[in-house]
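Each residue of the sequence shown is one higher than the one before, counting from 12 in the numbering used here. Inspection log for the structure reproduced underneath, given as structure tokens.
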Amino acid sequence: MSTHPSHKEEPDRCGRCDCSLGPYVFTTLTGPGDVEFQIPAFPTPYILADLESGDYFICESCYQTQFFTCFSKDEQCTIHYEFGLEFANFGRYNDSIAALSAAAEIRRSSDVLLSLARVFGMSGRLDKELDLLQEAFDANSENPLVMHNLIICLVGARSFADALRIVDRCFGRLGRDDQLLMWVAEIFFRKGDMERAAAYYEHALNLAHCDDCRAEFRNWWESLRGEESSEM
């Protein structure tokens, strides 16, 4: 995808058909709860692929022709993967799943599986999201994004025992990962073990990297306590 500044005079151009692209900029909007999110401010997806021959802009029309089937497998995977991410940015989840699935057929790495899982989750296919996250974790249990997303998914499904098993496999990270500690705190909170939940929460606060992180953890903890109060 383009990393050029949005104020440049010349637009990006497709390396194959030379059509004008971009500029690659996003508009920031504010949703419910003052949560900010970004949407593309350009009409159609396009990417800047890091290929063996150098950086190469590709428009969606050229991607759909599959002109790159003569490229190396790694390059094909890169192109499918990048377009999968771009389609997701546009909310085109079916197209994103198709592109990321094509990438996964070539290289079933934890990063590709994680991205595919997240798009399935965005489209409401939570069962498929969980299966892919588990596969991604089995492929690389050291990938922190995979680990966190799998735990989040398991907690959301109220599979607390399975979530704790993942934590046990990541035990070496537990003393240095403040986010992981907070998820463990939530797991024990939801299991009703308030003493252990509070201990992990305090540990996460002490380990937090900055004041913003500590504020986030305090809000997280208060949110859990608020849920408990509303259920009484």
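Built from N, CA and C at the ideal position, the CB exists for glycine as well. These figures come from a predicted structure and were not determined experimentally.
| Asked | Found |
| --- | --- |
| Own chain residues within Cβ distance below 8 Å of ILE6, not counting five before or after | Shown here, the chain extends from 12 to 243; a query on residue 6 therefore has no answer. |
| Closest Cα partner of CYS88 within the set ASN105, GLY42, PHE101, GLU63 | GLU63 |
| Assumed close pair ILE50, LEU40 - CB separation to whole angstroms, cut-off 8 Å | 6 Å |
| Span of the beta strand (DSSP E), counted from its first residue to its last, around PRO51 | 47-51 |
| 8 Å contact criterion, which LYS202 and PHE228 should meet: CB distance rounded | LYS202 to PHE228, Cβ: 19 Å. No contact. |
| Helix, strand or coil at GLY135 [DSSP, three-state] | coil |
| Pick from GLN77, GLU206, LEU143 that is closest to ILE108, judged by C-alpha positions | LEU143 |
| Closest by C-alpha distance to ILE198, when choosing among SER83, CYS221, TRP232, PHE78 | TRP232 |
| 6 Å CB neighbourhood of ASN154 in its chain, flanking five on each side removed | SER121 |
| Contact belief for CYS81 with CYS25 at Cβ below 8 Å, rounded distance in angstroms | Actually they do not touch by this definition, with Cβ atoms about 17 Å apart. |
| Separation of PHE200 from ARG169, as counted between CA atoms | 12 Å |
| Where CYS70 falls, given that 16 or more other Cβ within 10 Å makes a residue buried | buried |
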